[in-house]
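In our numbering, the protein residues as written are 252 to 381. Some notes on the structure that comes next.
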């Protein structure tokens with residue numbers, strides 16, 4: 252059995268976040284796998300993404316944003332946990348002293364995160380066998 256190496260990418264700048272966005276593009280996300288831990292200021296998304304090295308493999312990954320002051324969603328029915336979204340891209344905007352991190356999903360669904368600093372981590376958990 253050969254060793255499997257999983258990615259762990261840390262973003263602390265706009266360029267770093269664009270790199271994570273590229274890796275997460277077209278990832279599948281279930282509504283119940285999106286969590287905002289307000290007390291801890293952490294936003295988590297468990298997603299299923301395509302392995303960039305081997306296009307026919309899927310990987311389960313966790314995308315974590317830290318130091319999040321607020322989270323707002325639009326066009327997402329949070330009560331229907333069977334909804335499956337596709338993460339299209341992650342965009343970053345500077346608004347006064349804060350950053351607005353925008354997660355763009357299929358069907359015009361959006362999540363906006365507000366933070367004073369950029370601190371995101373994409374970490375692979377396991378390979379998914381179909």
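Beta carbons: idealized from backbone N, C-alpha and C, even for Gly.
Under a Cβ-count criterion, where at least 16 other Cβ atoms within 10 Å of its own Cβ denotes burial, should residue 288 be classed as buried or exposed? Exposed, since its Cβ has fewer than 16 Cβ neighbours within 10 Å.
Same chain, Cβ closer than 6 Å to residue 326, neighbours up to 5 away in sequence not counted: 359, 360.
Please state if the CB of residue 268 and the CB of residue 322 are separated by a distance shorter than 8 Å. Taking 8 Å as the Cβ cut-off, residue 322 and residue 268 do not qualify as a contacting pair.
Closest by CA to residue 367, which one among 331, 277, 344, 299? With distances taken between Cα atoms, residue 367 lies closest to 344.
Extent of the continuous alpha helix (DSSP H) run through residue 271: Secondary structure note for residue 271: its alpha helix (DSSP H) is the uninterrupted segment 265-275.
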